[in-house]
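Each residue of the sequence shown is one higher than the one before, counting from 721 in the numbering used here. Notes follow the structure.
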Amino acid sequence: MIEKEIETAFYESRRSNELPLVINDAVEILAGAYKGKRAAVISIRSVEPELVYNVEFGDGSGDASLAATLLKRI
């Protein structure tokens, strides 16, 4: 998919191999400084060179941009 198609699929909640998470998905962070925190996916930050999502932490402590490989849908 091209970047615009991925963005459209994200907002239409159409998951795929290229787009494992979509808007409002609840996720757990698997590694790094935020490991174990829960969050909601709010947008896509970038597609290349890797898929990066913006997430908002469930505890209200803010948000972060994280690679899709660091997130697990719950």
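Note that beta-carbon positions come from the ideal geometry of N, C-alpha and C, so glycine has one too.
>> In whole angstroms, give me the CA-to-CA distance for I794 and P740.
In response: The residue given as residue 794 occupies position 74 in the sequence shown. The residue given as residue 740 occupies position 20 in the sequence shown. Looking at the two C-alpha atoms, the distance is approximately 12 Å.
> Does the beta-carbon distance from V767 to V742 come in below 9 Å?
Replying inline: To locate residue 767, count along the sequence shown from 1; it is residue 47. To locate residue 742, count along the sequence shown from 1; it is residue 22. The answer is no: Cβ separation not under 9 Å.
>> Taking the beta strand (DSSP E) that K792 belongs to, which residues open and close that run?
In response: Locating residue 792 in the sequence shown gives position 72, counting from the first residue. It spans L791 to R793 - the beta strand (DSSP E) in which K792 sits, taken as one unbroken run.
> Counting along the chain, where does the beta strand (DSSP E) carrying I764 start and finish?
Replying inline: Along the sequence shown, one-based indexing puts residue 764 at 44. Where I764 is concerned, the enclosing beta strand (DSSP E) stretches over R758 to S766.
>> Looking at the strands, I want to know which residues DSSP matches up with A784.
In response: Indexing the sequence shown from 1 puts residue 784 at position 64. DSSP, once it has assigned bridges, lists V775 as partnering A784.
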